[in-house]
Structures are given as structure tokens and as C-alpha cells.
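Position one of the sequence shown corresponds to residue 1 (UniProt numbering), numbered consecutively onward.
Positions of the beta carbon are idealized from the N, C-alpha and C atoms, including for glycine.
Below is one structure, written out as C-alpha cells, with a few remarks after it.
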Amino acid sequence: MFRFTLKHSLAFTRSFSKSGVWHNDSRAVTDLLFKLPSFNHSTDLQGKRVKENQRKNNDRNIQRNGKNHKFQRERKLVFRWNNGTEKQQAAANDVLEEILKVNPKGDIKAISKDSNKVEETNVRIFLKGIDLGSSGIAMVSIDNSESSDVKLPVVKEIPTRIALKNYSDKLSKRKEEELIQLGVSAHRAGRANDNKPDSSWKIIKVSWQISDYDLKKQKYSEIVSNLEKGSKVSLFINDKDSQNLSPIDDDELKTMNDAVISKRELKRREEVMEKIYKILEEHSSQIVQAGSIKKRIILKVTPNPTNTKDSVDKRAIKEQKKRERQEKLQRRLEKKKMREAEQT
Numbered sequence: 001m002f003r004f005t006l007k008h009s010l011a012f013t014r015s016f017s018k019s020g021v022w023h024n025d026s027r028a029v030t031d032l033l034f035k036l037p038s039f040n041h042s043t044d045l046q047g048k049r050v051k052e053n054q055r056k057n058n059d060r061n062i063q064r065n066g067k068n069h070k071f072q073r074e075r076k077l078v079f080r081w082n083n084g085t086e087k088q089q090a091a092a093n094d095v096l097e098e099i100l101k102v103n104p105k106g107d108i109k110a111i112s113k114d115s116n117k118v119e120e121t122n123v124r125i126f127l128k129g130i131d132l133g134s135s136g137i138a139m140v141s142i143d144n145s146e147s148s149d150v151k152l153p154v155v156k157e158i159p160t161r162i163a164l165k166n167y168s169d170k171l172s173k174r175k176e177e178e179l180i181q182l183g184v185s186a187h188r189a190g191r192a193n194d195n196k197p198d199s200s201w202k203i204i205k206v207s208w209q210i211s212d213y214d215l216k217k218q219k220y221s222e223i224v225s226n227l228e229k230g231s232k233v234s235l236f237i238n239d240k241d242s243q244n245l246s247p248i249d250d251d252e253l254k255t256m257n258d259a260v261i262s263k264r265e266l267k268r269r270e271e272v273m274e275k276i277y278k279i280l281e282e283h284s285s286q287i288v289q290a291g292s293i294k295k296r297i298i299l300k301v302t303p304n305p306t307n308t309k310d311s312v313d314k315r316a317i318k319e320q321k322k323r324e325r326q327e328k329l330q331r332r333l334e335k336k337k338m339r340e341a342e343q344t
């Protein structure tokens, strides 16, 4: 089309020159026509490629800068330890992974070591005050009472000895599960199964309506005495007249979260839970919480290893004294028989 236009333009220019009209300007018109840009297919294709490359570079910049959330990569929370041994750091990182599985943002509820109060914070802030040389961390429960969509791990600081023991137990359990998947039993692997049946758990019921006096005296004594004996304790916290001791499933939990209670009752129940956790803190190594404060809560409490050892020592001393009394009684009976034999 451009060639056609150019051809007719030249013919028009020649006719202008022959007719004498605009004769002096005919050369200028011809020069102007020949200076018009000509169409080049390769140049146009190259321009399109340049624009396409610019668009791709812009997309990469958007993705790199995170301006478009669709291209933004999820960043994994990493905490750099500057204290503790390699094993102590591994134990803490293992708990940190569990926390982030429950809440990827790292939002938690931390049990204060000084006041025993539960405070909402972030795991990065909580870990800054931990010295792995003397302390470790444990996720004792998961709080999902506020909303079924948001779960907050309940975390507390524990002695490093207990943290290493928990980590060692986890590794042993994982190894056992791997062996079972390969068809090797736990007995053949050289490790007996230490998971006791449900009947081994001591069941203790606590009502939301319990008085402060009964909680500090009667229930405190009942809970602590069982934990010091090395018994695992299941705390069922519910209304006074309820006899429900069944596990809590997902359907029931959803119903619990939809329940409504007064602010006064909610505050009262929070105080009860705070006092219970204060009792359990010194005498337990792990607490697993299920349920909702709006209905009922189940706490699975595992005693400290030290408590178990102390209780075993006490039982051994008690049995030793019992044997000594029996031996003493046996000697008296033998002496009595000897005197009777001499008299006859």
C-alpha cells in the first residue's frame, strides 16, 4: 500500500512540474517524499521483542519486591541461637517447628515464669529471653477457644534436662514408627512400647463452679499427690452436674466454639484455668489441652521424671521397712517356739 501511494505521489509531482505550477517547489516536495520512513518487517518484530522483554522484567521486579501478593513467596521463620549445645538447639528447634505448624505466624500464648500468667506474644519475642544452657521450651497445649480458625500454641519455659528428655522421647517414638512401617516390631527393635492404656490415667474431675478454697486444698492435694507418685492425670473440667468423660472430637469442638456465655462467667473460668496451670507447672513435664472454655476442657498431664524417680525411691524404702518388720516378727516367733520346746 505504501509503494502504491509513493508511485502515485511521484506521478503527481511530475505532472506538477510539467504544468509549470509550483515548479520551483517540485524538488522540495520530491525530496520530502523520499525522506518518508519505509516499512521494515524485521524492525517491527524486533521492537515487539524488546517490549515483551521489558514486560517480563517488570513482572520479575514485581515478584521480587513483593508488590503483588500472588507472586510473593512464603518466608519461613528461622531463629538463630547464640547459646546452648547442638543438641539443646535441636530440641528447641523441634518444638519451634511444632509451634509453626499450629500457627505459621508464630503467635503464641506464653506462660510467664515469674507470674505464671498466660500472655499473648510472638514466639520470636519469647525465645529472646531463653538461655538454652539452663532452660528449654515446651508446647504444653493448643488454645483454640476463641475461634476454630485461629489456634494459639501454649508455650512455657522448662528446665533443659526435661527439654532434652522430651526430645529424646520424640526421636525414639519416630524411630519406632519408622520401624513399624518397615514391618519391624518395637520389641525386636529393642525398645518396649511405653504407651500405657487409657486405664493407666488417673481421672480427676473439676467443676467450673469450684470454690477457691476447694481448689487450693482438696483438688491441689489430689492432683499433686498423683503426679508425685508418677501417675498420669486426666483433668476433666466441666459443669458441676456433668458426668461426661468422653474424648472431645472435631464436631463437638465446633459446637463448643459457637456457644455463648456471659463475660462474668468467662472471666471466672479463665481464673480457674490460670490457677490449675499454676498447680501443674511445678509437677508436670507436658500438658495437652483439648476443648473450649465455653463448655468443657480436658487436660492430659504427664508428671516430671524427677517426681517419678522420687516416688520409686519412696516405695522402695517403704517396702524395705516392711520386709525388716516381717523378718523381725519371724525371729520373735522362732525364739518363742524354741522356748516352748525347751520347756517341754
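Asked, Found
"Cβ pair Lys109, Val154 closer than 8 Å", "yes"
"Between the CA atoms of Glu176 and Val272 - distance to the nearest angstrom", "38 Å"
"Enclosing alpha helix (DSSP H) for Asn226 [first to last residue]", "Tyr220 to Glu228"
"Beta-carbon proximity of Val224 to His283, cut-off 8 Å", "yes"
"8 Å Cβ cutoff met for Glu270 and Ile293", "yes"
"Distance between Ser141 and Asp132 (C-alpha atoms, nearest Å)", "Here the sequence assigns Leu to residue 132, which means Asp is not the residue at that position. Cα-Cα distance, rounded: 21 Å."
"Residue from Gln209, Lys117 and Ser200 with nearest C-alpha to Leu280", "Lys117"
"Pro159 beta carbon less than 8 Å from that of Ser231", "no"
"Check whether Lys275 and Leu215 have beta carbons under 8 Å apart", "yes"
"C-alpha distance - Glu327 paired with Lys165, whole-angstrom precision", "40 Å"
"Ala90 vs Gly136 beta-carbon contact at 8 Å", "no"
"Between the CA atoms of Val102 and Asn82 - distance to the nearest angstrom", "25 Å"
"Check: Glu271 C-beta below 7 Å from any heavy atom of the ligand FMN", "Summarising the ligand content, the structure contains no ligands, and the ligand FMN is consequently not present."
"Close-in-space but distant-in-sequence residues of the same chain around Lys87 (CB under 8 Å, 5 per side omitted)", "Leu164 and Tyr167"
"Nearest to Lys278 (by Cα), restricted to the options Ile180, Ser234, Asp114 and Lys335", "Asp114"
"Other residues of its chain near Ile111: CB distance less than 6 Å, five sequence neighbours each side excluded", "Val118 and Lys156"
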